[in-house]
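Line by line, the protein sequences are chains A and B.
Using our numbering, the first residue of the first sequence is number 13, and each one after it goes up by one.
Using our numbering, the first residue of the second sequence is number 20, and each one after it goes up by one.
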Amino acid sequence: MKRFFDNELETFRSRLMLMGETAIRQVRDSLKALVDADVALADRVIAADDELDALEMAIDDEAIRYMNLRSPVATELRLVIVGMKASHDLERVGDECTTIAKRAVRLAGMPPLKPYVDIPRMAEIAMEMLRDALDCFLHGDTEKALAVVRRDSEVDAINKQLYRELSSFMVENPATTTRALELMFISKSLERIADHACNIAEEMVFLAKAQDIRHREELKKG
Amino acid sequence: MSTATLPRTDFSTTMRTQPAVTTAQPSTDGFDPAYIQIKDFSFSYGAAQVLHNLTLDIPERQVTAFIGPSGCGKSTLLRNLNRMNDLVDGVHHKGDILVAGHSIYDPLIEVIALRKRIGMVFQKSNPFPKSIYENVVYSLRVAGRNGKAELDEVVERSLKGAALWDEVKDRLHESAFGLSGGQMQRLCIARAIANRPEILLMDEPCSALDPIATSKVEELIHELKKEFTIVIVTHNMQQAARVSDRTAFFYLGKLIEYSETRRIFQNPSNPQTEAYVSGRFG
């Protein structure tokens with residue numbers, strides 16, 4: 013039986029998907045701005061963060077309204093709770109993209125320190141993780157969500173490797189310090205984006221199966 | 020209200036002779052997890068079968084809620100727990116219901132004595148056209164217990180137990196009809212617990228009450244479970260979620276799902292249960 017307020021949940025789901033797609037676009041554009049030294053694109057990324065902020069507030073508002081008026085239970089209750097948490101994670105992804113874009117603007121005026129290989133790879137993995145987490149939201153594929161959680165260590169490993177490499181640049185030639193630090197922070201931002209993707213994947217498992225898999229280290233080892 | 024626990028009644032006292040006793044395994048809190056055992060129970064009104072092979076155990080001193088759409092058989096099952104359906108012509112049953120290990124259908128059982136052990140509260144409060152005091156002590160007077168000291172004690176204990184004492188202690192001898200709807204329902208609860216039953220059956224006890232009176236009765240249910248095993252039938256999903264420890268969902272006379280209330284409302288196993296608790300049908 014369809015209830016007269018079922019379309020409210022559809023709107024809620026659509027808004028969360030829109031937010032996910034916007035966040036992935038922000039990751040892609042911030043990285044493109046960095047790699048291409050495209051200041052105009054970086055500025056657009058910074059400006060577009062408002063979209064994610066507005067979507068997060070709209071989702072919170074709809075979730076509170078739904079809980080208040082419709083007394084959701086079971087899957088619906090989990091959807092509303094998970095929607096609020098996931099939107100918060102996506103908003104933070106947007107914030108990290110803004111940080112990357114601002115650093116991209118600064119780096120655009122300097123000679124490149126090294127060819128961009130690891131950072132785009134990290135970004136690619138982080139975007140795939142976000143996509144897979146959102147795919148789990150759409151299709152309830154919890155295996156995919158668990159795979160997202162396991163992939164987090166890949167991004168962590170690249171981040172650590174970059175840290176070592178950029179540290180050695182700074183030690184060998186202090187003139188590289190500013191650029192190396194900017195890249196370190198960008199790497200850290202991407203590592204955090206992957207963490208947010210993990211959080212979203214964990215939330216999607218909770219949505220699909222009502223199982224709380226947070227802080228379960230054994231899952232990350234597969 | 021007093022939270023002192025009552026001694027557990029041996030249901031064999033309701034029988035003419037001692038039957039064979041089956042002892043359920045006690046739970047870790049000392050209470051029987053299968054205090055009421057419904058075993059492959061089917062029930063018909065004439066040719067119309069309304070309950071189909073129900074099997075479930077109801078734990079002692081917990082609140083168990085029966086939910087389901089109208090006509091699903093939840094009230095019928097409740098009324099079988101104290102054999103009230105025996106009063107209807109043409110009924111018959113298969114299977115068994117055991118309370119504290121004794122079949123309530125044992126031919127040796129005294130049905131009246133059984134009903135004294137199992138109090139009942141109905142949807143619509145039904146005080147007798149008597150004073151508040153006489154309503155509470157009615158069952159004692161019927162049993163020939165008229166000692167003033169005992170009756171006074173029972174009135175105070177029962178009305179305190181029903182969270183009504185403070186509101187009516189100065190007008191105990193006024194008509195029960197002068198009470199508000201919520202007070203009348205709590206008076207009926209006081210009357211039901213006056214005889215110190217073991218089990219309290221509640222059939223939609225709040226459906227005719229306003230939210231404040233409902234809240235008082237729900238708070239009372241929470242207190243009463245310290246002394247009584249409570250089975251409540253309710254159409255109010257949120258009420259079942261608020262007051263019960265376990266919830267059974269019935270549909271078309273069948274038990275669809277029975278589990279901890281938290282599980283029924285957070286992660287039901289059966290899609291029909293989820294559709295019902297979400298208000299998608301029923």
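Idealized CB from N, CA, C, for every residue including glycine.
None of the values given here were measured: they were computed from a predicted structure.
So for residue i, helix, strand or coil by DSSP?
i               : result
M122 of chain A : coil
V69 of chain B  : strand
I131 of chain A : helix
G201 of chain B : helix
K58 of chain B  : strand
R25 of chain A  : helix
F149 of chain A : helix
R80 of chain B  : coil
G138 of chain B : strand
V107 of chain B : coil
A98 of chain A  : helix
F196 of chain B : helix
I225 of chain A : coil
D51 of chain B  : coil
F85 of chain B  : strand
D48 of chain A  : coil
K113 of chain B : strand
S144 of chain B : coil
V40 of chain B  : Its pLDDT being 37, under 50, V40 of chain B is placed unreliably in this model, and the value from its coordinates should be taken loosely. Residue state, collapsed to three classes: coil.
V118 of chain B : strand
Q30 of chain A  : Note that residue 30 of chain A is Leu in the sequence shown here, rather than Gln. It is helical.
What residue does the beta strand (DSSP E) around residue i start on, and which one ends it?
i               : result
T248 of chain B : 248 to 252
M221 of chain B : 218 to 222
S278 of chain B : 273 to 279
R56 of chain A  : First-last for R56 of chain A: 51 to 82, but that is the alpha helix (DSSP H), not the beta strand (DSSP E).
A294 of chain B : Premise fails: A294 of chain B lies in the alpha helix (DSSP H), 290 to 296, not in any beta strand (DSSP E).
R265 of chain B : 265 to 270
With a cut-off of 8 Å on the beta carbons, I'd call residue i and residue j a contact; round off their distance for me.
i               : j               : result
M139 of chain A : V217 of chain A : Contact doesn't hold; Cβ gap of about 20 Å is too wide.
A86 of chain A  : S89 of chain B  : About 21 Å; that fails the 8 Å criterion.
I57 of chain B  : A259 of chain B : With 8 Å as the limit, I57 of chain B and A259 of chain B do not qualify as a contact, their Cβ atoms being about 18 Å apart.
L125 of chain A : R176 of chain A : Actually they do not touch by this definition, with Cβ atoms about 15 Å apart.
P224 of chain B : V140 of chain B : 5 Å
L195 of chain A : L178 of chain A : 6 Å
M141 of chain A : I170 of chain A : Incorrect: roughly 13 Å between the Cβ atoms, too far for contact.
E68 of chain A  : E103 of chain A : 4 Å
In whole angstroms, give me the CA-to-CA distance for residue i and residue j.
i               : j               : result
I71 of chain A  : G95 of chain A  : 7 Å
I198 of chain A : G106 of chain A : 13 Å
T292 of chain B : F268 of chain B : 7 Å
D168 of chain A : E203 of chain A : 6 Å
V252 of chain B : Q142 of chain B : 9 Å
G201 of chain B : K167 of chain B : 28 Å
I275 of chain B : L70 of chain B  : 12 Å
R176 of chain B : E186 of chain B : 14 Å
K44 of chain A  : A116 of chain A : 9 Å
L97 of chain B  : L239 of chain B : 20 Å
G83 of chain B  : D153 of chain A : Checking the sequence, you will find Thr at residue 83 of chain B rather than Gly. About 35 Å.
P45 of chain B  : L117 of chain B : Note that P45 of chain B scores 49 on pLDDT, short of 50, meaning its location in the model is unreliable and no value can be drawn from it.
I128 of chain B : P78 of chain B  : 22 Å
F181 of chain A : D101 of chain A : 33 Å
G163 of chain B : Y157 of chain B : 10 Å
N289 of chain B : L219 of chain B : 29 Å
L21 of chain A  : P84 of chain A  : 11 Å
Q173 of chain A : D130 of chain A : 9 Å
A211 of chain B : P146 of chain B : 11 Å
E215 of chain A : L158 of chain A : 11 Å
I58 of chain A  : A222 of chain A : 36 Å
A119 of chain B : V130 of chain B : 15 Å
L159 of chain B : T74 of chain B  : 35 Å
L231 of chain A : A145 of chain A : 15 Å
M221 of chain B : E242 of chain B : 15 Å
C109 of chain A : P123 of chain A : 22 Å
What are the start and end residues of the alpha helix (DSSP H) that includes residue i?
i               : result
V161 of chain B : 151 to 161
V183 of chain A : 154 to 184
V217 of chain A : 189 to 221
R98 of chain B  : 93 to 100
E186 of chain B : 184 to 187
A259 of chain B : 256 to 262
L243 of chain B : 230 to 243
S177 of chain B : 167 to 180
### Members of the stretch 201 to 235 of chain B near chain A, C-beta cut-off 8 Å
none
### Query
What residues in the stretch 69 to 90 of chain A have a beta carbon less than 8 Å from any beta carbon of chain B?
S83, P84, V85, A86, T87, E88, L89, R90
#### Entry: Residues of the stretch 240 to 272 of chain B whose Cβ lies closer than 8 Å to any Cβ of chain A, in chain order
M256, Q257, A260
### Query
What residues in the stretch 212 to 228 of chain A have a beta carbon less than 7 Å from any beta carbon of chain B?
A222
### Query
Taking a cut of 7 Å between CB atoms, which residues from the stretch 282 to 298 of chain B lie near chain A?
F284, Q285, N286, P287, E293, V296, S297, G298
#### Entry: Near-chain A residues of the stretch 77 to 105 of chain B (beta-carbon distance less than 8 Å), N- to C-terminal order
none
#### Entry: Near-chain B residues of the stretch 161 to 194 of chain A (beta-carbon distance less than 9 Å), N- to C-terminal order
none
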